[in-house]
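The sequence shown begins at 7 in my numbering and counts up one residue at a time.
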Amino acid sequence: MSWKSSLGKAVSYSVRAHHLLCARHFQGYGYSPAFVRRMRRTLALWHGRPQSLLIIINDYDVWCRACPNQGTDNCTTAVARDNLVLKHLGLVPGTALTWAAAWELVGRKVDKNAAGRLCAGCPWLAGGYCRW
C-alpha cells in the first residue's frame with residue numbers, strides 16, 4: 007500500500023531498476039549538489055514512508071533529471087544495467103513494490119560479487135563511493 011496525497015490519491019514513484027542498488031548504498035556523493043539533494047530528499051521520504059509504492063522501470067526517473075549523462079552513451083549503458091538488475095532481481099519493467107520490499111529484495115539478492123557484475127563500469131563503484 008502506498009501513502010495517500012492530501013487529495014486522498016495513492017502516490018507512486020517510478021524508479022530505474024539500477025537505482026534500487028544506488029539507493030541501498032548511497033553515501034552522499036553524486037554528479038552534482040542538485041543530484042545529491044534529490045537523492046537525499048527522496049530517500050528520506052521513502053525511509054519515512056516504507057510503504058511508498060515504487061514502479062520499477064528501465065527508463066528515466068526522478069533522479070535522472072539531475073544527471074549530467076542524460077542523452078549520452080552513458081544513458082544507453084544505464085538501460086543495459088537496468089535490464090541486468092531486473093533479471094537478477096526476478097522483476098520485469100512495471101513491477102510495483104513497496105520501498106520496504108525493494109530494500110529487502112536488494113539486500114537479499116545483491117551481495118558484493120553480484121554488485122561487481124551488475125555495476126561493472128559504474129564510476130561510483132570503481133571510485134569506492136558504494137559500500138557493498
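Beta carbons: idealized from backbone N, C-alpha and C, even for Gly.
What are the boundary residues of the beta strand (DSSP E) that Ala-102 is part of? 102-104
Exposed unless 16 or more other CB atoms sit within 10 angstroms - verdict on Arg-71: exposed
For Val-91, tell me which candidate among Tyr-19, Leu-26, Ser-20 has the shortest Cα-Cα distance. Leu-26
Take the Cβ of Ser-11 as the centre, count every other Cβ of all protein chains shown within 10 Å, and call the residue buried at 16 or more, exposed below. Note that Ser-11 scores a pLDDT of 48, beneath 50, so its modelled location is shaky; the value from the coordinates is reported in the next line. Looking at its Cβ environment, which holds fewer than 16 other Cβ atoms inside 10 Å, Ser-11 is exposed.
Cα-Cα separation between Gln-33 and Met-45, rounded to whole angstroms: Taking the straight line from one Cα to the other gives about 10 Å.
Leu-131 - containing beta strand (DSSP E), residue span: Where Leu-131 is concerned, there is no enclosing beta strand (DSSP E), although the alpha helix (DSSP H) it sits in stretches over 129-132.
Tell me which residues share the same chain as Ala-106 and place their Cβ nearer than 6 Å to its Cβ, disregarding the 5 neighbours each side in the sequence. Pro-56
Give me the Cα-Cα distance between Ala-50 and Val-68, rounded to the nearest whole angstrom. 14 Å
Rounded to whole angstroms, what's the CA-CA distance from Thr-101 to Val-21? Just pull it up for me. 10 Å
How is Arg-137 classed by DSSP in three states: helix, strand or coil? coil
With 16 other Cβ atoms within 10 Å as the buried cut-off, status of Asn-64: buried
Closer than 7 Å by C-beta to Arg-43: which residues in its own chain qualify, once you throw out the five before and the five after it? Chain order, please. none
Presumed contact (8 Å Cβ cut-off) between Pro-99 and Ile-62, rounded CB distance: 7 Å
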